[in-house]
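A.B. asks: Handing you a structure now.
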Amino acid sequence: MKKKSATSPKINRQWIIWLFDLAIYSLVSFVLLVIYRGTIEFKPKDIIFHYTLAIIILTISRLIMKIYKQIWRFGGIQCYIRLLISDGIAFLIFFAANLIICPAFSISVVPFPRSLAVFTTTLLGSLAIRMFYRYAYKCHKRPNRTGRLMQAILKLVAARHVIDEDYYQVDHKIRIAIVGAGNVGVCLAEELLGNKNSSYIPVCFIDTNRDKIGQQIIGLNVLAEGKITTDILNDYNVQEIVLALPKNDDDKKKSLYTFYTGLGFKVKSYDFPTMQTTGGQRRQLREFDIEDLLFRTPLDVTNEKTSAFYRNKIILITGGGGSIGSELCRQIARMSPQKLVILDVYENGAYDVQQELRIAYGPSLNLCVEILSVCNRQALEKVFNEHRPQIVIHAAAHKHVPLMERNCCEAIENNVFGTLNTVELSEKYKVERFMMVSTDKAVNPTNVMGATKRMCELIVQSHSTTSAYTTYSATRFGNVLGSAGSVIPLFKKQIFNGGPVTLTDKRIIRYFMTIPEASQLVLQSASMAKNGELFVLDMGRPVKILELAENMIKLSGYEPYKDIDIIETGLRPGEKLYEELLVKTEELDKTENSLIFIERDEPISVAELNKRLAILSHAVDLGDDEAAKEALHKAVPTFKSPEVVNATAMETEEIKMAENASVK
């Protein structure tokens, strides 16, 4: 079999366009000849000569100007100007040849107005057919009458050289309604219609703009958002909804997500242009993820000043293999530290982050991993002595609330005395900055884990008053999505297994943030610290865990309570209904970052600290968890039983509900 030339489609396309131009010129010449009949006499040989001469000049001029190399379905104003120049030159050459050659061969001269009329009309015809061709190509992918008509025309005149039959096989494509008929939504629709490999086909827009409702944009109807029903969307055979909103309007996104999932549709998000400007990320049509279910804009609190603070420094991160610690390592690795020391008692996590960073940065990152517990003071001092860190970020801690309720001695030993070891060695080895990662559970704690973290804060604050070298501070934040202690992995596993999803209490409310946000907060807070601060991030509104569970079920393609049930199991020991971020919310200091605040709590004296530590140490030595918990209540006066705190919280909530009812 003879192999088909790779250039044959290109050649055929150029011949097709040339034949169209020939047909246009022939038609124009014939029509004008009929119109001017009787005003000027032309012999048959004169007509043939002028016709042939014009065709040759026009063809040569257009070939020189590369008119037939233009891909007109993508043509723009520059292509049309090029054609205008080409035909203008051809006209001047033709008229000059008409004046010089015709008298020499006794051929009738075509008057200037007649020549101009022929060339002008031919040019307009060529422009018109090219514009129509471009319009037809742009419209033939639309799933409406106009699109089908343009498909038929292109198949008739261009066949396989222009169109792809796969474009018309849309049965396998997902039909979407685009919420937002602005620039972002139109950009998405055009991109999907122009990409034959796309899995989606837009069928309509949904908008609130009265000027757009009832109109068409790129052939797609614009529906009124306030009148949308399941029946209307089913009329368009809509399968999924895509939110294409240009602004980070979290309330709007939440209401739309809730509305359309309530109608039974899967909802996706189009990240353009907001995400395209952050870190060079590409625009994309994507599923809603867990972070989206917070319905708030992710915060980015890092800046060049923060990066400069960590650049060329020796940095030690305790708990560097954990969820927060490993992200801190990733963030710092980007800031070109002199050395990064990862310390963790669990070798698997430390090994994973070590391999990740080695692959990403190779020998350019001076990386060292130390496997030991912060409770082992002798081993910990060896690390300080060997590496001489300038910055210490203390993220090592036991964080699981229910487990620590049953293992109070271990919680105190690891969290409290591990922190004490790290704080004292930081002072001894003249560390410049010490930052401790704390939690919102340290505020008016109701469990052992929160109480030990509050005790850690007291240690940091107390030492800040006597330190000659080290600047101490701590950072509080709420629950972290995707961390080992988060409810998210549990919910995912339960949904994967078919349910039910278990909640301890449907009234529970929590603050959430992403792991990168938490890590960035810690890093910037450490760079801003003066001494003894407790930094807190403005995390926005808290999230109802019940709503989070319902949205995660919908996100997985199921219907809550029908496909997957949600059940209550009862509050766990030490668990709060509502978390708090600040001890004294009225005593806040602003920082240079509008999202970060400082809670200034009066530090206790070193003597008082040592007294409380002695109580805890004695209880731990006894190995009695109940005695240790009692000692923890004495050492942390704000440590109260969850029953008392939850009862107060419920009473407050009932008062608020009553006030709202009276207002209504």
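Take any residue in the sequence shown, note its place counting from 1, add 1, and you have its number in our numbering. By construction, the Cβ of each residue, glycine as well, lies at the ideal position given by its N, Cα and C atoms.
#1: To the nearest angstrom, how far is the alpha carbon of Asp-539 from that of Leu-596?
#2: Please classify Tyr-26 as buried or exposed, where buried requires at least 16 neighbouring CB atoms within 10 angstroms.
#3: Only counting the same chain, and skipping five residues up and downstream in sequence, which positions put a Cβ closer than 7 Å to that of Gln-339?
#4: Below 8 Å between beta carbons: does that hold for Ile-179 and Val-239?
#5: May I ask you to verify whether the region 440-455 touches the region 625-638, counting CB pairs closer than 8 Å and requiring at least 3?
#6: Is the region 426-437 in contact with the region 387-400, if contact means three or more CB pairs nearer than 8 Å?
#7: Terminal residues of the continuous beta strand (DSSP E) containing Leu-344?
#8: Just the Cα atoms here: how many angstroms apart are Tyr-271 and Lys-67?
#9: Would you kindly report the start and end of the unbroken beta strand (DSSP E) that includes Thr-472?
#10: What three-state label does DSSP hand Tyr-311 in the structure shown?
#11: So is Leu-257 buried or exposed if we call it buried at 16+ other beta carbons inside 10 Å?
#12: I'd like the list of long-range same chain contacts for Gly-350, defined as Cβ closer than 7 Å, with 5 residues on each side in sequence excluded.
#13: Looking at Arg-573: is its Cβ nearer than 8 Å to the Cβ of Thr-515?
#14: Do the region 474-483 and the region 517-527 meet, that is, are 3 or more Cβ pairs less than 8 Å apart?
#15: Take Glu-593 as the anchor and find which of His-51, Asn-611 and Asn-304 has the nearest alpha-carbon.
#16: Residues in the same chain with beta-carbon distance under 8 Å from Gly-571, minus the five sequence neighbours each way, listed in chain order, please.
#17: Should Tyr-201 go down as buried or exposed, given a rule of 16 or more other Cβ atoms within 10 Å for buried?
#18: Taking its Cβ as the centre, do 16 or more other Cβ atoms sit within 10 Å of Lys-494, making it buried, or is it exposed?
#19: How would you call Glu-600, buried or exposed, if buried means at least 16 neighbouring beta carbons within 10 angstroms?
#20: Please go through the same chain and pick out, in chain order, the residues whose beta-carbon is closer than 8 Å to the beta-carbon of Lys-3, but skip the five residues on each side of it.
#21: Output needed for Glu-627: all residues of its chain with C-beta closer than 7 Å, excluding positions within five of it in sequence on either side, in chain order.
#22: Answer with buried or exposed for Leu-224, where buried requires no fewer than 16 other C-beta atoms within 10 angstroms of its C-beta.
#23: Please determine if the region 526-537 and the region 342-356 are in contact, where contact requires at least 3 C-beta pairs separated by less than 8 Å.
#24: Would you call the region 610-628 in contact with the region 403-419, where contact means no fewer than 3 C-beta pairs closer than 8 Å?
#25: Relative to the C-alpha of Ile-94, which candidate in Thr-420, Thr-423, Ala-443 and Ser-116 has its C-alpha closest?
#26: Report the three-state DSSP secondary structure of Pro-114 (helix, strand or coil).
#27: Consult DSSP for Tyr-169 and reduce its assignment to one of helix, strand or coil.
#28: Grouping DSSP H, G and I as helix and E and B as strand, with all else coil, what is Ile-509?
#29: Using the three-state DSSP reduction, which class does Glu-433 fall into: helix, strand or coil?
#30: Identify the residues that DSSP records as bridge partners of Ala-225: which are they?
C.D. replies: So, from the listed chains and residues:
#1: 5 Å
#2: buried
#3: Asn-313, Lys-314, Ile-315 and Asn-367
#4: no
#5: yes
#6: yes
#7: Its beta strand (DSSP E) spans residues 340-345.
#8: 39 Å
#9: Run containing Thr-472: 472-477, per the beta strand (DSSP E) assignment.
#10: Helix at Tyr-311.
#11: buried
#12: Gly-322, Gly-323 and Ser-327
#13: no
#14: Yes, they touch.
#15: Asn-304
#16: Annotation for Gly-571: Thr-505 and Asp-506 place their beta carbon closer than 8 Å to its own, counting only its chain and skipping 5 residues before and after.
#17: Taking every protein chain shown into account, the CB of Tyr-201 has 16 or more other CB atoms within 10 angstroms, so this residue is buried.
#18: The residue is exposed, with fewer than 16 neighbouring Cβ atoms inside 10 Å.
#19: buried
#20: Low local confidence applies: a pLDDT of 44 at Lys-3 is under 50, so the model's placement there is unreliable, and no value is given.
#21: none
#22: Buried: at least 16 other Cβ atoms inside 10 Å.
#23: no
#24: yes
#25: Ser-116
#26: helix
#27: Confidence is the limiting factor: at Tyr-169 the pLDDT is only 48, short of 50, which leaves the residue's position unreliable, though a coordinate-based value still follows. Helix, per DSSP.
#28: coil
#29: coil
#30: Asp-208
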